Amino acid sequence: MQTPIRLAVIYGSTREGRICDRVVKWLTQELVRFPQFDIDIIDPLDFALPADRDMAHSEVDRLAGRLGMADAFIIVTPEYNHSFTASLKSIIDFFFEPWQGKPVAFVSYGGISGGLRAVEQLRLVFAELHAVTIRDSVSFAAPWNRFDPDGRLDNPADTMRLLDRMMARLEWWTQALVTARSNRPYAEIERRASFQTR
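The working numbering puts the sequence shown at residues 676 to 873.
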């Protein structure tokens, strides 16, 4: 039996009344169709990260453990002012190693752009963290008109096709990168490169 892929789904919003709740509900309901993935939902509201970036803080350690266990990530992000949220940036910037050599996919939402400008900003950030972003994504323009409070989506057929394609790409990259990291841990490259440049 194939080992399940540990997939962390990360909330990108902490706002009261956030649409993110509906989108994550929809996504987790749909991910049942992909039993090869073992899902872990990570919500920034569940972690009291310290403002002073104290890396020894117990909440930082708890979140680092969850991220470190993941083989792959899906970021569910809104778009605010052509970019992503401060709460998501905080979660990303606290860590480096948990992202390295792992694939990251995106489900976005927003106004007319469907959150795609936030995704493009995130691609730059994750490239700096040595993560691999999946080209295919799922986006929702005006999601307040498409989801009910329980995460049921209006006219889902086209979105299902996009999700299926994104998940197929995510699975391929996850399997490739899990194999690569098991053969040669990504951190070894960093250490060897540092040694050679001295």
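In this text, a Cβ means the ideal position worked out from N, Cα and C, and glycines have one as well. Owing to the predicted nature of the structure, the values given are computational and were not obtained by experimental measurement.
Can you tell me whether F771 is helix, strand or coil according to DSSP? When DSSP states are grouped into helix, strand and coil, F771 belongs to the coil group.
Go ahead and label G785 buried or exposed: buried means 16 or more other beta carbons lie within 10 angstroms of its beta carbon, across all protein chains shown. Buried is the call here.
Beta bridge counterpart(s) of S874 as assigned by DSSP: Past the edges of the chain, shown from 676 to 873, lies residue 874, and the structure says nothing about it.
What's the gap between the Cα of V707 and the Cα of I714? Straight-line Cα distance between these residues: approximately 9 Å.
Pick from I766, Q850, V807 that is closest to T678, judged by C-alpha positions: Considering only I766, Q850, V807, the residue with the shortest C-alpha distance to T678 is Q850.
Whole angstroms is fine: what's the gap from M841's alpha carbon to P778's? Distance between the alpha carbons of M841 and P778 is about 11 Å.
Mark A780 as exposed unless 16 or more other C-beta atoms lie within 10 angstroms of its C-beta, in which case mark it buried. Counting the other CB atoms within 10 Å of its CB gives A780 a total of 16 or more, which places it among the buried residues.
C-beta atoms of V698 and V735 nearer than 8 Å: With a cutoff of 8 Å on beta-carbon distance, V698 and V735 are scored as not near each other.
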